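Student:
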Amino acid sequence: VQIQSKPLSEKVAWFQSICSQLYGPKSSPSSAPENSTRYSAIHIPIRREYLLQDSMSAVLSMTNPIDLHRTWRIHFANEDGIDAGGLTREWFHLVSSSLMDVLNGCWCTAKGGGNQMHLQINPS
147 VQIQSKPLSE KVAWFQSICS QLYGPKSSPS SAPENSTRYS AIHIPIRREY LLQDSMSAVL
207 SMTNPIDLHR TWRIHFANED GIDAGGLTRE WFHLVSSSLM DVLNGCWCTA KGGGNQMHLQ
267 INPS
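Numbered according to the numbering used here, the sequence shown spans residues 147 to 270.
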């Protein structure tokens, strides 16, 4: 599909059709009780000292693709806090920073970066 050459109105219609395929048919929790888990939050307990391990275990244990669309509520073990968005934001920041850390071995610095740091996938 050469969507780039289409007018904006057709691009919007195409984008909305793609999004509707991702989310499936619209229904409310009261009209579809079997889909009520789609609308509830999923609670993810995380130990800070095992941030990546707990995070990967939690995400990979989500066998139903709908879980990826649910609201995630992060709870850090042995810490008081109600996740109204701040804990999830902190979790995303910590996980993404940890994943991009060259000390984890997934990435290495690329040569010729000048005064900027460029990363590439670690070939080893």
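We treat Cβ as the ideally placed atom computed from N, Cα and C, and that holds for glycine.
Everything numeric in this text was worked out from a predicted model, so none of it was measured.
Please state whether DSSP places Arg194 in a helix, a strand or coil.
Tutor: helix
Student: Return the bridge partner residues of Gln308 from the DSSP annotation.
Tutor: With the chain represented from 147 up to 270, any question about residue 308 goes unanswered, as that position is not in the structure.
Student: Exposed or buried, what is Ser201 when buried is set at 16 or more other beta-carbons lying within 10 Å of its beta-carbon?
Tutor: buried
Student: Determine the extent of the alpha helix (DSSP H) in which His239 is found, giving its start and end residues.
Tutor: 232-246
Student: Return yes when the Cβ of Ile190 is within less than 7 Å of the Cβ of Ile220, no when it is not.
Tutor: Yes.
Student: Which first and last residues belong to the beta strand (DSSP E) in which His221 is found?
Tutor: 218-222
Student: Do Ile307 and Phe222 have their CB atoms nearer than 7 Å?
Tutor: Within the shown structure, residues of the chain are numbered from 147 to 270, placing residue 307 beyond reach of any answer.
Student: Quick one: what does DSSP say Cys254 is sitting in, helix, strand or coil?
Tutor: If DSSP states are grouped into helix, strand and coil, Cys254 belongs with the strands.
Student: I need the straight-line Cα distance from Ile228 to Leu198, nearest angstrom please.
Tutor: Distance between the alpha carbons of Ile228 and Leu198: 21 Å.
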